[in-house]
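The sequence shown maps to residues 1 to 104 in UniProt numbering.
Glycine included, C-beta positions come from ideal geometry on N, C-alpha and C.
Keep in mind it's a predicted model, so treat the numbers as computed, not measured.
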Amino acid sequence: MNILLVCACGSSTSVVLQKMKENLTSDEPWTIEAKSLSDAKKVMGKYDYVLLAPQIRYQIKTVQSLAEPYEGLTVMNIEPADFGRCNGKAILDQIRRSEQAKQK
Numbered sequence: 001m002n003i004l005l006v007c008a009c010g011s012s013t014s015v016v017l018q019k020m021k022e023n024l025t026s027d028e029p030w031t032i033e034a035k036s037l038s039d040a041k042k043v044m045g046k047y048d049y050v051l052l053a054p055q056i057r058y059q060i061k062t063v064q065s066l067a068e069p070y071e072g073l074t075v076m077n078i079e080p081a082d083f084g085r086c087n088g089k090a091i092l093d094q095i096r097r098s099e100q101a102k103q104k
């Protein structure tokens, strides 16, 4: 699974990205990257999930429309409390729940 964290400049997500990587299980060989919104628009198609940082959550409709051509790409907002606390486990759990819902 390929996950992209997106914020305004691509830097505020770096700590969150590290915490998410630390909380991956051994059976989750997922790739997690962070980019700015402008860079994300160029490479969105190679990801399964695009997660927006709280400071750009107002952009979700724009990002969802950019994601429409890519089948299976899910766009979600990161919960502000989880982002602020760098709670990588909670953010991964959000993705895991979404994956479980897709399989039903």
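**Request:** Hey, could you find the ends of the alpha helix (DSSP H) LEU17 is sitting in?
**Result:** Along the sequence shown, read from residue 1 onward, the residue named residue 17 stands at position 17. It spans 14-22 - the alpha helix (DSSP H) in which LEU17 sits, taken as one unbroken run.
**Message:** Could you check whether VAL63 and VAL43 sit closer than 8 Å to each other, using their CB atoms as the reference points?
**Reply:** Working through the sequence shown from its first residue, we reach residue 43 at position 43. Working through the sequence shown from its first residue, we reach residue 63 at position 63. No, the Cβ-Cβ distance between VAL43 and VAL63 is not below 8 Å.
**Message:** What residue range does the beta strand (DSSP E) around ILE32 cover?
**Reply:** Translated into the one-based positions of the sequence shown, residue 32 becomes position 32. Residues 31-36.
**Asked** So, helix, strand or coil for LEU92, using DSSP?
**Response** Here residue 92 is taken as the residue at index 92 of the sequence shown, counted from 1. Here LEU92 sits in helix by DSSP.
**Alpha carbon of SER11 to alpha carbon of SER26, nearest angstrom** = Translated into the one-based positions of the sequence shown, residue 11 becomes position 11. Translated into the one-based positions of the sequence shown, residue 26 becomes position 26. Each residue's Cα considered, the two are about 27 Å apart.
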